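Counting along the sequence shown from 1, when you hit position 196 you're at 676 in my numbering, and nothing is skipped either side.
Glycine included, each C-beta is placed from N, C-alpha and C at the ideal position.
Quantities reported herein were computed from a predicted structural model and do not represent experimental measurements.
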Amino acid sequence: MSTNTDATTGIPAQRNGGNDKPRKPVKEQRFADGGGVLNVFSHGFLALWAVLIIGPLVWIILGSFKNNAEIGDSAWSWPSHWGFDAFTRAWNKGIGDFFVSTVIVLAGSLTLTMLLGSMAAYVLARYEFRGNRLIYYFFVAGAMFPVYLALVPLFFMMKNLGTVIPWLGLNQYAGLILVYTAYSLPFTVFFLHSFFRSLPSAVHEAAMIDGCSHTRAFFQVMVPMAKSGLISVFIFNVLGQWNQYLLPLTLMQQQSSSDPDRSMLAQGLMNLAQQSGYASDFPGLFAGMTIAMLPVLVVYLSFQRQVQAGLTSATLK
481 MSTNTDATTG
491 IPAQRNGGND
501 KPRKPVKEQR
511 FADGGGVLNV
521 FSHGFLALWA
531 VLIIGPLVWI
541 ILGSFKNNAE
551 IGDSAWSWPS
561 HWGFDAFTRA
571 WNKGIGDFFV
581 STVIVLAGSL
591 TLTMLLGSMA
601 AYVLARYEFR
611 GNRLIYYFFV
621 AGAMFPVYLA
631 LVPLFFMMKN
641 LGTVIPWLGL
651 NQYAGLILVY
661 TAYSLPFTVF
671 FLHSFFRSLP
681 SAVHEAAMID
691 GCSHTRAFFQ
701 VMVPMAKSGL
711 ISVFIFNVLG
721 QWNQYLLPLT
731 LMQQQSSSDP
741 DRSMLAQGLM
751 NLAQQSGYAS
761 DFPGLFAGMT
771 IAMLPVLVVY
781 LSFQRQVQAG
791 LTSATLK
């Protein structure tokens, strides 16, 4: 018995009695082909998870267009009148000031977090020096430290610091920016450390041979290659800092009657709910919550592909 190769398919054909019949290609079975039950379970779980996430969002958005009677009547009924009066009331009651304060703090803290975190992760991942692993483990240990344990000493530390440097004390934007940066750096360094280690070294070595400095190699070579990872950790930091409540509640307290109210958005929403008492303006409160959610949703939906690429690229390389 002899074989030759079929010209059209490239598959060895068997010669049997003068009749050349190409062999049927063997179909490769993928890992998920036989997991019908597992796929049904996973898809059902994802559908349930989507309902649990989307349901409250729809309820809050619908509530911002209702009145108090309609909110108390039925949670899922449609508003009788579609208007933006509740959003106007929420903005005038202080949501606008809280929104601006949160944007100011996040602009400073995210800039410092991404700059310092990426530089520290790059050095720890690409350069070998004495104490490298020790410094890295210090950052990892910081990510395991719960914020609840540090609230009381952090309050007194910021209060004492304010007596020496007033613009870094309590109820100051700069002080909260530094605290946000300190609490976000451990996770940022941990995430980007593994990402920078997965990047190829040939491009970096070629840049150094061409006379590129370490700073220029980092900003012009390594940062563009790590774009997906940087966007991923940026989104996580936006979500964590935008929704932060305990830190601003502890550190952004008015120290005197003349001290302006610099509450963050989550803190301001809670203050509005407590100050209104029994005469709660639920549509205005729901409108304020909607205003607080929209920027985060827009940012995530705009960069969701980059987030997925950043989470998977390190494992695929």
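- Message: On a Cα-Cα basis, can you pick out the residue from 660, 520 and 695 that is closest to residue 627?
- Response: 660
- What is the rounded straight-line gap between the Cα of residue 784 and the Cα of residue 604? Cα atoms of residue 784 and residue 604: separation of roughly 28 Å, rounded to the nearest angstrom.
- At what residues does the alpha helix (DSSP H) containing residue 615 begin and finish? 612-623
- Message: Suppose you measure from the CA of residue 689 to the CA of residue 590; what does that come to, to the nearest Å?
- Response: Roughly 33 Å between the two C-alpha positions.
- Message: Quick check: the Cα distance between residue 662 and residue 592, rounded to an integer number of angstroms?
- Response: 9 Å
- Task: Leaving out five residues on either side along the sequence, give the residues of the same chain with a beta carbon under 6 Å from the beta carbon of residue 768.
- Result: Taken in chain order, the residues that qualify are 570, 575 and 749.
- Taking the C-alpha atoms as reference points, what is the distance between residue 774 and residue 722? 11 Å
- Task: Starting from the C-beta of residue 728, find all residues in its chain whose C-beta is less than 6 Å away, skip the five residues before and the five after it, and write them out in chain order.
- Result: 744 and 747
- Item | C-alpha distance - residue 836 paired with residue 542, whole-angstrom precision | Summary: the structure shown does not reach residue 836, with the chain confined to residues 481 through 797, and so no result is reported for it.
- Return the CA-CA distance between residue 651 and residue 586, expressed in angstroms with no decimal places. 15 Å
- Message: Please classify residue 709 as buried or exposed, where buried requires at least 16 neighbouring CB atoms within 10 angstroms.
- Response: buried
- Task: To the nearest angstrom, report how far apart residue 530 and residue 782 are at their CA atoms.
- Result: 19 Å
- Tell me, please, whether the stretch 616-633 touches the stretch 684-703 by the rule of three or more beta-carbon pairs shorter than 8 Å. no
- Query: Is the Cβ-Cβ distance between residue 763 and residue 546 less than 8 Å?
  - Reply: yes
- Task: Alpha carbon to alpha carbon, how far is residue 706 from residue 679? Give it in angstroms, no decimals.
- Result: Going from the Cα of residue 679 to the Cα of residue 706 covers about 8 Å.
- Query: Excluding the five sequence neighbours on either side, which residues of its own chain have a C-beta within less than 6 Å of the C-beta of residue 567, listed in chain order?
  - Reply: 767
- Item | Contact check, residue 684 vs residue 701, beta carbons under 8 Å | Closer than 8 Å, so yes.
- Task: Would you tell me roughly how many angstroms separate the C-alpha atoms of residue 555 and residue 563, rounded to the nearest one?
- Result: The alpha-carbon separation between residue 555 and residue 563 amounts to approximately 18 Å.
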